[in-house]
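Engineer: Got a structure for you, written out below as structure tokens; questions coming shortly.
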Amino acid sequence: DIQMTQSPASLSASLGETVTIECRASEDIYSNLAWYQQKPGNSPQLLIYDANSLADGVPSRFSGSGSGTQYSLKINSLQSEDVASYFCQQYNNYPPMYTFGAGTKLELK
Amino acid sequence: EVKLQQSGDELVRPGASVKMSCKASGYTFTDYAMHWVKQSPGQGLEWIGTIIPLIDTTSYNQKFKGKATLTADKSSNTAYMELSRLTSEDSAVYYCARGTGSSFDYWGQGVMVTVSS
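Line order of the protein sequences matches chains A and D. So the first sequence is numbered by our numbering: it starts at 1 and just counts up by one. So the second sequence is numbered by our numbering: it starts at 1001 and just counts up by one.
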């Protein structure tokens, strides 16, 4: 099975700062990578799919990049409402399998 | 508006089974797969499996084969997941989520399952 290593596990940043979260796959996942935001007590929400496509309604300060085994989520100009946990998720087709990273907890400094 | 409305939280005895529901609205139920995801403090997010309601085909994470059974009722636009032979390891929040192929674009509010005697 493909393993996803997400870093850092936690992150403290100031308002207006740019934040980057990384995910490394144990093998090439061909950009089959999504990012989710989860606020306490809420369900995860899709931010990015196919490594770099912004989901509907997601602010443009969120962006995704990467290829092969290395992927990242960038948040420009951090806002207070971005305080949340963030998860990456990979997909492989045969057999169907979806694997999540362990998550990054983002707090305000 | 797409909405996935899940059934209520459950308190169940060890060894028992539990069946939860996920009612879809705001889209054509048979156009999308429905996935189920487990979230527990110790294990993070885990994909359990998926059902394609149009053709009633299921795929499971090997880890959850024999533990979870996925079904769907096209007449009521509702997906179901039954968990059997529950242990404390099954205490978690369970989400249904609409599949888009490589990701999950809408999620239910979650069902908290507590396994306790």
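For every residue, glycine included, the Cβ atom is placed at its ideal position computed from N, Cα and C.
Which residue spans inside the segment 3–50 of chain A form an unbroken beta strand (DSSP E) run of at least 3?
Structural biologist: 4–7, 10–13, 19–25, 33–38, 45–49
Engineer: Exposed or buried, what is Gln1062 of chain D when buried is set at 16 or more other beta-carbons lying within 10 Å of its beta-carbon?
Structural biologist: So Gln1062 of chain D counts as exposed.
Engineer: How many angstroms separate the CA atom of Glu1089 of chain D from the CA atom of Lys1067 of chain D?
Structural biologist: 11 Å
Engineer: Where in the segment 54–100 of chain A do unbroken runs of the beta strand (DSSP E), each at least 3 residues long, occur, reported from the N-terminal end onward?
Structural biologist: 62–67, 70–75, 84–92, 97–100
Engineer: Could you run through the segment 1040–1053 of chain D and flag, in chain order, every residue whose CB is less than 8 Å away from some CB of chain A?
Structural biologist: Gly1044, Leu1045, Glu1046, Trp1047, Thr1050
Engineer: Which of the residues in the segment 43–75 of chain A, read from start to end, lie with their CB under 9 Å from any CB of chain E?
Structural biologist: Absent here is chain E; the protein component of the structure consists of chains A and D.
Engineer: With DSSP as the reference, identify every bridge partner of Phe1104 of chain D, one or two as the case may be.
Structural biologist: D:Gly1099
Engineer: Checking contacts by CB at 7 Å: is Gln1006 of chain D closer than that to chain A?
Structural biologist: Interface residue (Cβ-Cβ distance to chain A less than 7 Å): Gln1006 of chain D is not classified as such.
Engineer: Helix, strand or coil: which one does DSSP assign to Gln1062 of chain D?
Structural biologist: Gln1062 of chain D falls in the helix class under three-state DSSP.
Engineer: Considering only the beta carbon of each residue, do Leu78 of chain A and Val19 of chain A sit closer than 7 Å?
Structural biologist: yes
Engineer: So, does the CB of Ser1021 of chain D fall closer than 7 Å to a CB anywhere in chain A?
Structural biologist: no
Engineer: So with CB distances below 7 Å, who are the chain A contacts of Asp1105 of chain D?
Structural biologist: Leu46, Ala55
Engineer: Find the residues of chain A that neighbour Gly1108 of chain D, judging by a C-beta separation of less than 9 Å, and give them in chain order.
Structural biologist: Ser43
Engineer: What did DSSP end up calling Thr1087 of chain D once you bin it into helix, strand or coil?
Structural biologist: coil
Engineer: Applying a beta-carbon distance threshold of less than 8 Å, which residues of chain D neighbour Gly103 of chain A?
Structural biologist: Chain-order list of chain D residues neighbouring Gly103 of chain A: Gly1044, Leu1045, by C-beta distance under 8 Å.
Engineer: Going along the chain, which residues of its own chain have a beta-carbon closer than 8 Å to the beta-carbon of Gly1086 of chain D, five neighbours each way excluded?
Structural biologist: Note that residue 1086 of chain D corresponds to Leu in the displayed sequence, not to Gly. These residues qualify, in order along the chain: Val1012, Arg1013, Pro1014, Gly1015, Ala1016, Ser1017, Val1018, Val1113, Val1115.
Engineer: Do Val1111 of chain D and Met1020 of chain D have their C-beta atoms closer together than 7 Å?
Structural biologist: yes
Engineer: Just to confirm before moving on: does the CB-CB distance between Gly66 of chain A and Ser72 of chain A stay below 7 Å?
Structural biologist: yes
Engineer: Roughly how many angstroms lie between the CA atoms of Met1034 of chain D and Thr1028 of chain D, to the nearest whole one?
Structural biologist: 12 Å
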